[in-house]
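> Chains as they are written, first to last, in this note's numbering: chain A, 29 to 293; chain B, 3 to 472.
We put the CB at the ideal spot given by N, CA and C, even for glycine.
Handing you this structure, nothing more for now.
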């Protein structure tokens with residue numbers, strides 16, 4: 029089984045500061061890491077390989093520094109990696125990124141499954157996984173929470189939907205994006221780190237893959253960022269203080285009245 | 003033997019510090035100053051009045067007043083201590099330094115900061131990190147504790163293997179003595195043998211010899227990179243044998259070498275739902291390295307990692323980024339929290355033994371644990387031989403039974419074993435009043451008498467933090 033895992037290098041955001049004027053992240057001095065949600069995709073791939081054998085290739089589009097993310101993926105257990113890096117890719121939106129990644133994957137040759145993280149923690153769009161599926165014309169399962177079976181050229185998965193789960197079966201090759209509950213990512217071991225240190229990661233630019241220059245980078249991106257702002261949370265609430273049994277009963281009555289009035293119950 | 007605080011004395015205190023800096027006759031507000039982070043409520047005691055001075059002169063006046071009326075005074079930092087040092091066991095006045103929280107000077111030319119005692123320790127590092135500097139003292143409570151308390155306790159913590167403890171970085175102190183004199187000790191001098199080393203008499207004096215009002219701290223160049231290794235071993239012996247090898251064969255001094263026994267990490271890993279194969283392990287080491295480049299650290303972790311693998315480690319995990327590093331440290335940091343689910347009543351000990359005696363010490367701990375049917379998870383700073391052996395109340399005991407077992411049987415047994423192995427009863431949390439009754443086990447009579455003579459010389463009326471340490 030040949031598995032491709034597209035990953036993204038993102039700024040470490042747990043201590044991130046926002047520039048209040050521009051609404052953008054202050055990236056200076058911020059460490060770069062593998063998008064934390066991609067770790068679940070890597071883990072899923074490793075477990076499939078452990079079960080069925082095969083090969084895992086991590087692929088990323090980004091600047092030269094993204095090599096580190098790919099090496100970390102190798103340290104965790106991926107077999108190989110490719111970096112798609114070219115000055116002309118800079119500024120790509122989710123459409124152009126999906127286009128470049130899909131063409132990078134095509135160049136890898138035959139594969140059975142493409143596993144992506146749910147979304148990246150910096151852009152938060154969750155569009156690139158589905159975008160890749162679309163460019164590759166593959167079946168897609170988003171928000172995949174469990175792999176139920178793989179046999180006879182088909183994969184059966186459980187996916188998270190609003191209010192529950194859905195089971196679907198896809199023919200292989202297929203694409204999926206995975207959610208946290210699918211697995212617990214492993215930590216890189218010393219052995220993995222040593223392997224990653226030695227491995228040569230090929231870097232492919234515009235000329236290496238079958239993409240048109242007018243379709244990549246800022247020029248090739250249909251998305252225009254008009255304004256970036258932090259949305260205001262508009263939920264309204266009321267706190268009812270409870271001190272004793274009496275006020276507890278009053279609070280329950282008040283909540284019941286509200287729910288009945290709003291026709292929730 | 004002490005007098006109570008009368009409304010007239012409160013008036014005099016108000017005259018010194020102003021009415022808004024005095025808390026009196028307000029049980030709720032006073033309660034916050036009655037305890038530190040020691041979990042057992044029996045160690046708490048209410049103050050009669052709390053004052054919040056802003057200057058050395060104000061503190062000097064308070065001390066003179068305390069001597070005049072024979073009122074006990076207890077100095078207090080952030081109250082994050084673990085030996086009851088800031089608890090006013092005799093009532094009286096609590097002098098809180100919370101208002102004295104200014105960073106007075108950042109002197110890059112001399113690599114020094116000058117601060118007031120109420121500065122939160124972490125704030126110093128936040129302020130100087132952009133200048134490529136840092137203060138290497140690192141108590142685990144770094145985000146809440148005050149630097150004044152760190153100096154008073156000579157706080158240790160997680161980086162002591164490489165950087166030593168608080169006292170190493172203290173080059174000057176302004177101190178108000180128990181009788182109200184103001185001393186200016188040391189300063190920005192790298193060398194100073196002019197007279198007795200009074201600075202380091204004050205460091206670790208637990209608020210019994212003086213109240214600090216100004217602290218001169220030496221800074222270091224801030225390392226630009228760090229990496230953590232989590233190493234799983236089948237047993238404690240194998241894990242501890244590696245510790246000196248890291249330095250002798252590896253020629254590397256890590257910033258920390260933290261140790262966790264199986265009781266500690268299994269509980270913590272389960273609590274965190276951590277999926278590394280911890281069930282197979284009998285001990286873990288968490289080793290942190292710092293340096294100026296990732297390449298340099300890569301070489302170092304390879305040396306240490308290979309050394310561990312060649313000497314019986316089950317697995318070595320490498321964390322060189324925020325995601326993985328946080329995941330590894332979480333296991334260590336959540337041990338106490340995870341054990342709270344079993345019982346919130348714990349006695350966090352911080353005994354010290356020579357590093358090579360840790361396995362023998364652990365054997366003794368297991369025996370004590372079995373004898374009293376009390377779980378004693380052990381974790382801590384293997385690189386310093388400083389182990390947080392933490393007896394946790396077995397829920398089958400009533401509170402009364404537990405306190406009896408703990409204080410009269412278990413702790414004396416534990417301390418005796420520690421001392422027999424060439425160790426001592428506290429490495430970083432201090433004596434305070436929590437361990438005072440056990441001092442004579444650890445310190446010979448002649449030594450204790452020297453300490454008491456010093457105390458008497460400086461505090462003839464025994465008004466400053468009585469009931470602590472000596």
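May I ask which residues mark the beginning and end of the beta strand (DSSP E) holding residue 388 of chain B?
Here the beta strand (DSSP E) through residue 388 of chain B covers 388 to 391.
> Return the bridge partner residues of residue 236 of chain A from the DSSP annotation.
DSSP, once it has assigned bridges, lists no residue as partnering residue 236 of chain A.
> Assuming residue 356 of chain B contacts residue 424 of chain B (C-beta within less than 8 Å), just tell me the rounded distance between them.
Correct: roughly 5 Å between the Cβ atoms.
> Is the Cβ-Cβ distance between residue 324 of chain B and residue 209 of chain A less than 8 Å?
No, the Cβ-Cβ distance between residue 324 of chain B and residue 209 of chain A is not below 8 Å.
> Output, in chain order, the set of chain A residues within a Cβ distance shorter than 9 Å of residue 311 of chain B.
Simply 218 and 219.
> For residue 90 of chain A, name the three-state secondary structure that DSSP assigns.
Coil, per DSSP.
> Over what stretch of residues does the beta strand (DSSP E) that includes residue 194 of chain B continue unbroken?
Taken as a continuous stretch (DSSP letters only), residue 194 of chain B belongs to no beta strand (DSSP E), as it is neither H nor E.
> For residue 29 of chain B, collect the residues of the same chain with a Cβ closer than 7 Å to its Cβ; drop the 5 residues on either side in sequence, then sort them by chain order.
Within the same chain, residue 29 of chain B has no close Cβ partners at all.
> For the ligand NAD, is there a heavy atom less than 7 Å away from the beta-carbon of residue 251 of chain B?
Because no ligand of any kind appears in the structure shown, any question about the ligand NAD cannot be addressed here.
> By how many angstroms is the C-alpha of residue 336 of chain B removed from the C-alpha of residue 165 of chain A?
Whole-angstrom Cα-Cα distance: 47 Å.
> Assuming contact is defined by CB atoms lying nearer than 8 Å, are residue 306 of chain B and residue 231 of chain B in contact in what I supplied?
Yes, the Cβ-Cβ distance between residue 306 of chain B and residue 231 of chain B is below 8 Å.
> Would you give the residue range spanned by the alpha helix (DSSP H) that residue 124 of chain A belongs to?
First-last of the alpha helix (DSSP H) with residue 124 of chain A: 122 to 135.
> The alpha helix (DSSP H) spanning residue 159 of chain A covers which residue range?
Unbroken alpha helix (DSSP H) run through residue 159 of chain A: 156 to 164.
> For the alpha helix (DSSP H) that contains residue 364 of chain B, what are its first and last residues?
Where residue 364 of chain B is concerned, the enclosing alpha helix (DSSP H) stretches over 360 to 374.
> Can you check DSSP and say which residues form a bridge with residue 264 of chain A?
None; residue 264 of chain A has no bridge partner.
> My understanding is that residue 135 of chain B touches residue 221 of chain B, with C-beta atoms under 8 Å, so please give their C-beta distance in whole angstroms.
Their Cβ separation, rounded to whole angstroms, is 4 Å, which keeps residue 135 of chain B and residue 221 of chain B in contact under 8 Å.
> Cβ of residue 212 of chain A less than 8 Å from any chain B Cβ?
It does: the Cβ of residue 212 of chain A has a partner Cβ on chain B nearer than 8 Å.
> Straight-line CA distance for residue 431 of chain B to residue 315 of chain B?
About 31 Å.
> Buried or exposed: residue 143 of chain A, going by 16 or more other Cβ atoms within 10 Å of its Cβ?
Looking at its Cβ environment, which holds 16 or more other Cβ atoms inside 10 Å, residue 143 of chain A is buried.
> Taking a cut of 9 Å between CB atoms, which residues from the segment 316 to 341 of chain B lie near chain A?
Listed by position along the chain: 317, 318, 319, 320, 321, 322, 323, 324, 325, 326, 328, 329 and 330.
> Relative to the C-alpha of residue 236 of chain A, which residue among A:118, A:128, A:123 and A:47 is closest?
The option with the nearest alpha carbon to residue 236 of chain A is A:128.
> Of all the beta strand (DSSP E) runs that stay within the bounds of the segment 60 to 115 of chain A, which reach a length of 3 or more residues?
If we require 3 residues or more, the beta strand (DSSP E) runs fully inside the segment 60 to 115 of chain A come out as 60 to 62, 83 to 89 and 108 to 112.
> Taking Cβ positions, are residue 141 of chain B and residue 158 of chain B nearer each other than 8 Å?
Yes, the pair counts as a contact, with Cβ atoms nearer than the cut-off.
> DSSP three-state label for residue 222 of chain B, please.
DSSP places residue 222 of chain B in strand when its eight states are reduced to three.
> Are residue 121 of chain B and residue 148 of chain B touching if we call contact CB-CB under 8 Å?
Against a cut-off of 8 Å, the Cβ pair of residue 148 of chain B and residue 121 of chain B comes out as a contact.
> From the beta carbon of residue 133 of chain A, is the nearest beta carbon of chain B less than 8 Å away?
Cβ-Cβ to chain B under 8 Å: no for residue 133 of chain A.
> Mind pulling the chain A residues with CB within less than 7 Å of residue 244 of chain B?
None at all; the shortest Cβ gap to chain A is about 14 Å.
> Name the one or two DSSP bridge partners that residue 33 of chain A has.
According to DSSP, which records beta bridges pairwise, residue 33 of chain A is partnered with A:86.
> Sorted by chain position, which residues of the same chain lie with C-beta nearer than 6 Å to residue 107 of chain A's C-beta, five sequence neighbours on each side aside?
Same-chain partners within the cutoff: 83 and 84.
> Report yes or no: do the segment 434 to 447 of chain B and the segment 353 to 372 of chain B share at least 3 C-beta pairs separated by less than 8 Å?
Contact fails: fewer than three Cβ-Cβ distances are below 8 Å.
> Take residue 137 of chain B as the anchor and find which of B:176, B:163 and B:172 has the nearest alpha-carbon.
It is B:172 whose Cα lies nearest to the Cα of residue 137 of chain B.
> Identify which residue in A:89, A:150 and A:169 has its Cα closest to the Cα of residue 130 of chain A.
Checked all of A:89, A:150 and A:169; the closest Cα to residue 130 of chain A is A:89.
> Thinking just about the alpha-carbon of each residue, which of B:248, B:257 and B:205 is nearest to the one in residue 227 of chain B?
Residue 227 of chain B has its Cα closest to that of B:257, out of B:248, B:257 and B:205.
> Please state whether the Cβ-Cβ distance between residue 8 of chain B and residue 49 of chain B is less than 8 Å.
No.
> Helix, strand or coil: how does DSSP classify residue 139 of chain B here?
Residue 139 of chain B falls in the coil class under three-state DSSP.
> Using beta carbons (cut-off 8 Å, strictly below), is residue 35 of chain A in contact with chain B?
Chain B contact via Cβ: absent.
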